[in-house]
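Note sheet for the following structure.
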């Protein structure tokens with residue numbers, strides 16, 4: 096009898112250990128809406144790799160991703176612009192790694208009768224958002240689009256209302272091509288807009304454009320595609336009109352000089368086939384993790400993202416990271432400790 100009870104006890108212990116071994120690790124993230132479609136797909140695919148890891152991601156904008164990570168209310172952040180040294184110094188939990196995980200295009204979507212395919216250059220887009228061009232049939236827009244019937248209607252410029260990395264990429268580009276923009280508004284995640292209507296997140300801007308006749312707004316390419324919004328081809332630095340695509344973003348990414356700290360811009364890139372309004376998005380995480388299980392799970396997940404996850408990126412209209420960049424990121428992820 097004692098032998099039977101001992102065997103039963105050992106079996107219960109073994110079962111408890113097995114159940115504990117399958118305990119879920121919940122990873123909480125937040126920030127960029129620019130790459131939220133990619134995250135959603137990665138989370139879904141990774142469940143097949145490791146079903147013990149669950150994810151919660153709040154796409155509340157890049158500014159949220161940075162501040163929430165620094166206040167340690169999330170396990171990882173995502174941002175389409177990097178923290179500077181001054182902001183990094185606010186971390187009281189050790190060094191923060193800022194690692195690129197994807198690159199994408201910011202496109203100009205619009206709501207016009209017949210959804211004509213339009214062409215824009217940087218100066219014209221800057222003048223629209225500076226309030227200098229207010230009608231769709233303005234001579235500057237008409238000159239770029241010969242043969243297109245443009246209505247004599249007001250332009251409704253839609254912009255982000257939150258702290259946004261997409262806004263940073265957009266204003267980084269406009270500052271690169273328009274001296275008027277650079278001297279008045281400049282590069283910012285929270286620009287001081289000249290009028291217009293605000294929307295929260297890429298989804299909010301896409302929603303405003305979709306429902307407002309005469310609207311124009313800047314969104315990450317995946318949001319334009321998902322919402323079936325037309326978007327303009329852009330005149331690039333080489334003077335060529337290029338459509339946003341994973342391929343044209345990859346061309347721009349391939350021209351970028353990427354330093355050791357991974358802080359870089361890829362707007363207005365050289366090359367006939369480069370799309371000009373493109374940028375990376377970075378994941379933010381602490382190098383020294385307080386929770387061993389979460390630290391290990393984070394490192395393992397993002398190692399998967401920068402390798403296997405990149406194969407999914409083009410399906411979602413993002414550009415994958417070059418293999419040489421992947422290797423550099425993997426080396427940084429190897430430094431994550433608990």
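Residue numbers (our numbering): 96 to 433.
Virtual Cβ for every residue (Gly too), placed ideally from N, Cα, C.
Owing to the predicted nature of the structure, the values given are computational and were not obtained by experimental measurement.
So which of the options has the shortest CA-CA distance to residue i?
i: residue 226; options: 257, 411, 287; result: 287
i: residue 413; options: 207, 341, 161; result: 341
i: residue 374; options: 121, 129, 122; result: 129
i: residue 376; options: 389, 161, 138, 367; result: 161
i: residue 194; options: 419, 258, 401, 217; result: 401
i: residue 177; options: 363, 354, 407, 416; result: 354
i: residue 424; options: 134, 271, 197; result: 197
i: residue 202; options: 132, 143, 268, 382; result: 268
i: residue 219; options: 163, 210, 206, 327; result: 327
i: residue 404; options: 395, 137, 126, 149; result: 137
i: residue 150; options: 389, 408, 348, 417; result: 389
i: residue 398; options: 144, 118, 127, 131; result: 144
i: residue 257; options: 280, 242, 294; result: 294
i: residue 261; options: 426, 155, 118, 391; result: 155
i: residue 289; options: 131, 421, 224; result: 224
i: residue 310; options: 431, 246, 387; result: 246
i: residue 306; options: 200, 277, 251; result: 251
i: residue 335; options: 181, 370, 346, 312; result: 370
Taking only the alpha-carbon atoms, compute the straight-line gap between residue i and residue j and give it to the nearest angstrom.
i: residue 385; j: residue 433; result: 6 Å
i: residue 113; j: residue 146; result: Interpretation of residue 113 is limited by its pLDDT of 42, a score under 50 that renders its predicted location unreliable; the figure taken from the coordinates is listed afterwards. Their backbone Cα atoms lie some 15 Å apart in a straight line.
i: residue 115; j: residue 411; result: Residue confidence is low: residue 115 scores 46 on pLDDT, short of 50, so the model does not pin down where it sits. Its coordinate-derived value is still stated next. So the two alpha carbons sit approximately 36 Å from each other.
i: residue 185; j: residue 153; result: 22 Å
i: residue 283; j: residue 124; result: 23 Å
i: residue 331; j: residue 296; result: 26 Å
i: residue 263; j: residue 174; result: 10 Å
i: residue 165; j: residue 158; result: 11 Å
i: residue 103; j: residue 120; result: Reliability fails at residue 103, whose pLDDT of 38 lies under 50, so the model's placement of it is uncertain and no value is given.
i: residue 234; j: residue 134; result: 41 Å
i: residue 212; j: residue 325; result: 7 Å
i: residue 329; j: residue 337; result: 5 Å
i: residue 419; j: residue 244; result: 46 Å
i: residue 248; j: residue 228; result: 11 Å
i: residue 239; j: residue 352; result: 32 Å
i: residue 304; j: residue 142; result: 34 Å
i: residue 391; j: residue 383; result: 11 Å
i: residue 192; j: residue 381; result: 6 Å
i: residue 118; j: residue 148; result: 9 Å
i: residue 429; j: residue 394; result: 7 Å
i: residue 275; j: residue 222; result: 8 Å
i: residue 344; j: residue 361; result: 9 Å
i: residue 281; j: residue 253; result: 18 Å
i: residue 357; j: residue 126; result: 18 Å
i: residue 207; j: residue 322; result: 15 Å
i: residue 368; j: residue 279; result: 30 Å
i: residue 333; j: residue 316; result: 22 Å
i: residue 272; j: residue 183; result: 29 Å
Assign residue i to one of two classes, buried (16 or more other C-beta atoms within 10 Å of its C-beta) or exposed (fewer than that).
i: residue 365; result: exposed
i: residue 171; result: buried
i: residue 217; result: buried
i: residue 350; result: exposed
i: residue 265; result: buried
i: residue 255; result: buried
i: residue 301; result: buried
i: residue 179; result: exposed
i: residue 270; result: buried
i: residue 210; result: exposed
i: residue 449; result: Because residue 449 is not part of the residues shown, which for the chain are 96 to 433, the question remains open.
i: residue 242; result: exposed
i: residue 204; result: buried
i: residue 319; result: buried
i: residue 387; result: exposed
i: residue 427; result: buried
For residue i, write down the residues that DSSP places opposite it in a beta bridge.
i: residue 203; result: 313
i: residue 326; result: 204
i: residue 213; result: DSSP lists no partner for residue 213.
i: residue 124; result: 152, 171
i: residue 195; result: 377
i: residue 336; result: 330
i: residue 432; result: 383
i: residue 227; result: DSSP output for residue 227 lists no bridge partner at all.
For this session: Ignoring anything shorter than 3 residues or poking outside the segment 145-191, list the beta strand (DSSP E) runs there in chain order.
Result: 148-153, 171-174
Exercise. In chain order, which continuous runs of the alpha helix (DSSP H) of length 4 or greater are located wholly inside the segment 286-312?
Worked result: 296-306
Exercise. What are the uninterrupted segments assigned as beta strand (DSSP E) that are 3 or more residues long and contained completely in the segment 355-425, given in chain order?
Worked result: 373-381
Problem set entry | Ranges of the beta strand (DSSP E) found wholly within the segment 232-288, counting only runs of at least 3 | 251-255
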